[in-house]
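Asks:
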Amino acid sequence: MNRRMLLQVGMVGAAALSAPFLIATHAQGAGATGQKRHKIVIQVSDNDPAKWNLALNNAKNVQDDVGAANVDIAIVAYGPGIGMLKMDSPTGARVADATKANVRVVACENTMRGQKLGKDDMLPTIAYVPAGVTEIMKKQQDGWAYLRP
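Numbering (my numbering) for the sequence shown: 97 to 245.
(1) Using only the alpha-carbon positions, how far apart do G175 and Q159 sit?
(2) Cβ of I178 within 8 Å of Cβ of A155?
(3) State yes or no: is the C-beta of Q140 within less than 8 Å of the C-beta of A173?
(4) DSSP on R200, reduced to helix/strand/coil?
(5) Pop quiz: L243 and L181 are said to be a contact at Cβ under 8 Å. What is the actual Cβ separation, rounded to whole angstroms?
(6) Assuming V55 and V225 are in contact, meaning their beta carbons sit under 8 Å apart, how far apart are those beta carbons, in whole angstroms?
(7) Taking C-beta to C-beta, are I222 and V137 nearer than 8 Å?
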């Protein structure tokens, strides 16, 4: 067998071995409709109902624009922003609606400890992360878009 034929056989073999990996990688980036999967993390660190309403509007608008099945949305609250996730929050009903619409709303446990808040003080539909800032950092490293309204 000459060198050219050996090289061609090697290239075909390498392509055949890498095809399943390339297909799997491409499939991970596609949503339920075959479109690109989008990811956005929204920071809320203000104890302001207007800021929270803006963040919740942004999340809804993104879902409406690209399709809820094509986007992962996380709203991360820390610092003063944690106040809008308390049980008596003026934005509590909207936060509950967002979580029903598959928006992940998370509270920073570091902030909760600092403010002496327990999970029983918080809205029942939210989730928790050890550190809000770290959660945002990790999501950005994983390719998530970042928004701070």
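Note that beta-carbon positions come from the ideal geometry of N, C-alpha and C, so glycine has one too.
Owing to the predicted nature of the structure, the values given are computational and were not obtained by experimental measurement.
Replies: Well, looking at it:
(1) CA-CA distance, G175 to Q159, rounds to 26 Å.
(2) no
(3) Here residue 140 is Val; the residue named in the question, Gln, does not match the sequence. Yes, these two residues count as a Cβ contact at 8 Å.
(4) In the displayed model, R200 falls within a strand according to three-state DSSP.
(5) With a Cβ gap of about 18 Å, L243 and L181 do not count as contacting.
(6) Nothing about residue 55 can be read from this structure; the chain reaches only from 97 to 245.
(7) No, Cβ-Cβ distance for I222 and V137 is not below 8 Å.
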